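Data block below; observations after.
Protein chains: 2
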Amino acid sequence: MKKLLGLILMAAALGGCAGTPSPAPGTQMLVHLAQIEVYPQYLEEYLTYVRENGVASMTKEAGVIALYPVYEADRRDLVMVLEIYADEEAYQAHLNSAHFLKYKQGTLKMVKSLNIVDLGQISPELLPVTFKKASP
Amino acid sequence: MKKLLGLILMAAALGGCAGTPSPAPGTQMLVHLAQIEVYPQYLEEYLTYVRENGVASMTKEAGVIALYPVYEADRRDLVMVLEIYADEEAYQAHLNSAHFLKYKQGTLKMVKSLNIVDLGQISPELLPVTFKKASP
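Residue numbers (this note's numbering), protein chains in the order written: chain F, 1 to 136; chain D, 1 to 136.
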């Protein structure tokens, strides 16, 4: 099974077979890295908002593929969120969801700066197996 | 099921119950963001190495939880890889794996700069469900 998965992924990574012009997986997805600098005095409160929004988005929104928040180990006030949406529609739905609006409104005063970087996936074929091994 | 999952995740996100001092999930994990600037003339060749290393690592190494490569949409020579390892041992094993050494040796001349940022997880309880929705 492991070997089969490896072969399938290897084939996908190295390009599909000639004569099978199916669209590449993940090409519709939107991938962002949000870089957020938080005022240190609000950090714990901010992280609570981030966690709540993450859980609500991941469980209630089918189109939110990943919302993975981290901070720099040496600078916890520098937060990053890897965001993956199924498509533009899913992204717009997220921006208008009650939980995101609550997060956005609640954290306005806590955010010193926000930068959103648009990203392209290098190995979208790895997405279905990525993170799966984290399951207990 | 969805509601139950939501409740479990919400409980985990807001802190465990008093009197249950089990270690927080994901605390052993190492999370890195590798920031790589690639010489543009080698970009396509470099991306082939990244894909091969990613597939080999994800399929052959149980301790590699995620190796998710992306580039900036407007600057494809600016590559980032989100790396998650089960623990320090898994990270060291990865650094000494045949596929990683092949990638490292093969791309030496292609890499203009490399910066590895140590990260801390804000919502490790979300890891098992993150990315799962990307499955076909």
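Even glycine gets a Cβ: it sits at the ideal position worked out from N, Cα and C. Predicted model only: the values in this text are computed from it and were never measured.
Own chain, CB closer than 7 Å to residue i, minus 5 neighbours either side, in chain order
{"i": "Glu-37 (chain D)", "result": "Asp-77, Leu-78, Lys-112, Ser-113"}
{"i": "Ile-65 (chain D)", "result": "Met-29, Ile-84, Tyr-85, Ala-86"}
{"i": "Met-110 (chain D)", "result": "Val-38, Tyr-39, Tyr-42, Glu-45, Tyr-46"}
Identified DSSP bridge partners for residue i
{"i": "Pro-69 (chain F)", "result": "F:Val-81"}
{"i": "His-32 (chain D)", "result": "D:Glu-83, D:Asp-118"}
{"i": "Val-64 (chain D)", "result": "D:Tyr-85"}
{"i": "Arg-75 (chain F)", "result": "F:Glu-72"}
{"i": "Glu-37 (chain F)", "result": "F:Leu-78, F:Ser-113"}
Same chain only: Cβ atoms within 6 Å of residue i, ignoring 5 sequence neighbours per side
{"i": "Ile-116 (chain D)", "result": "His-32, Ala-34"}
{"i": "Tyr-49 (chain F)", "result": "Tyr-103, Gly-106, Thr-107"}
{"i": "Tyr-68 (chain F)", "result": "Leu-82"}
{"i": "Val-70 (chain D)", "result": "Met-80"}
{"i": "Ala-90 (chain D)", "result": "Gly-63"}
{"i": "Glu-72 (chain F)", "result": "Leu-78"}
Range of the contiguous alpha helix (DSSP H) that encloses residue i
{"i": "Val-55 (chain F)", "result": "43–60"}
{"i": "Leu-101 (chain F)", "result": "98–107"}
Where the beta strand (DSSP E) containing residue i begins and where it ends
{"i": "Lys-112 (chain D)", "result": "111–121"}
Neighbourhood of residue i by C-beta, 8 Å cutoff - its chain only, sequence neighbours within 5 removed
{"i": "Leu-119 (chain D)", "result": "Val-31, His-32, Leu-33"}
{"i": "Gln-121 (chain D)", "result": "Gly-26, Met-29, Val-31, Leu-127"}
{"i": "His-94 (chain D)", "result": "Ser-57, Glu-61, Gly-63, Val-64, Tyr-85, Phe-100"}
{"i": "Arg-152 (chain D)", "result": "The question about residue 152 (chain D) has no answer, for chain D in this structure spans 1 to 136."}
{"i": "Ser-97 (chain F)", "result": "Ala-56, Ser-57, Lys-60, Glu-61"}
* Asked: Residues in the segment 28–47 of chain D with C-beta within 9 Å of chain F's C-beta atoms, listed in sequence order?
  -> Met-29, Val-31, Leu-33, Leu-47
* Taking any Cβ of chain D, which residues in the segment 104–132 of chain F have a Cβ under 9 Å from it, in chain order? -> Val-117, Asp-118, Leu-119, Gly-120, Gln-121, Ile-122, Ser-123, Pro-124, Glu-125, Leu-126, Leu-127, Pro-128, Val-129, Thr-130, Phe-131, Lys-132
* To do: Note down, in chain order, all residues in the segment 65–79 of chain F with a beta-carbon under 8 Å from any beta-carbon belonging to chain D.
  => Ile-65, Ala-66, Leu-67, Tyr-68, Pro-69, Val-70, Tyr-71, Glu-72, Ala-73, Asp-74, Arg-76, Val-79
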